[in-house]
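**Q**
Numbering (this note's numbering), first residue to last: 9 to 97.
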């Protein structure tokens, strides 16, 4: 895989456990706050991962996985969750 990146881009990579339990729009909001707070990449990764983890155990959470199941599953999906964040400088 090859990506074209530019200075000040933020690269976020995660396992399906992350993507099943947190919406892209939620990640965008977390990133915007992280920029304002000048968080380190590790701190941003932890915030995203922690929210995905919390949602994975919430039986009533609105998650991408639950929506994709079209009513066959409710809440989060327990799974391994890995998040990697890189600030491009």
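Note that beta-carbon positions come from the ideal geometry of N, C-alpha and C, so glycine has one too.
Values in this document were obtained by computation on a predicted structure and should not be read as measured data.
Among all the DSSP beta bridges, which residues are the ones paired with residue 76?
**A** Translated into positions along the chain shown, residue 76 becomes position 68. Paired residues: none, contrary to the question.
**Q** How is the alpha helix (DSSP H) around residue 59 delimited, first residue to last?
**A** For the purposes of this step, residue 59 is taken as residue 51 along the chain shown, with counting starting at 1. It spans 49-65 - the alpha helix (DSSP H) in which residue 59 sits, taken as one unbroken run.
**Q** Hey, could you find the ends of the beta strand (DSSP E) residue 94 is sitting in?
**A** Your numbering for residue 94 matches position 86 in the chain shown. Secondary structure note for residue 94: its beta strand (DSSP E) is the uninterrupted segment 91-95.
**Q** Which residue from 45, 59, 40, 87 puts its Cα closest to that of residue 31?
**A** Within the chain shown, the letter at position 23 stands for residue 31. With distances taken between Cα atoms, residue 31 lies closest to 59.
**Q** Would you list the one or two residues that DSSP bridges to residue 19?
**A** Position 11 of the chain shown, counted from the first residue, corresponds to residue 19. Paired residues: 94.
**Q** Can you give the Cα-Cα distance for residue 50 and residue 84, rounded to whole angstroms?
**A** Counting from one through the chain shown, the residue named residue 50 turns up at place 42. Counting from one through the chain shown, the residue named residue 84 turns up at place 76. Rounded to whole angstroms, residue 50 to residue 84 spans 24 Å at the Cα level.
**Q** Whole angstroms is fine: what's the gap from residue 86's alpha carbon to residue 73's?
**A** Numbered from its first residue, the chain shown carries residue 86 at position 78. Numbered from its first residue, the chain shown carries residue 73 at position 65. Spanning the alpha carbons of residue 86 and residue 73 requires a straight line of approximately 10 Å.
**Q** Within this structure, are the beta carbons of residue 91 and residue 56 separated by less than 8 Å?
**A** Position 83 of the chain shown, counted from the start, is the residue given in the question as residue 91. Position 48 of the chain shown, counted from the start, is the residue given in the question as residue 56. Closer than 8 Å, so yes.
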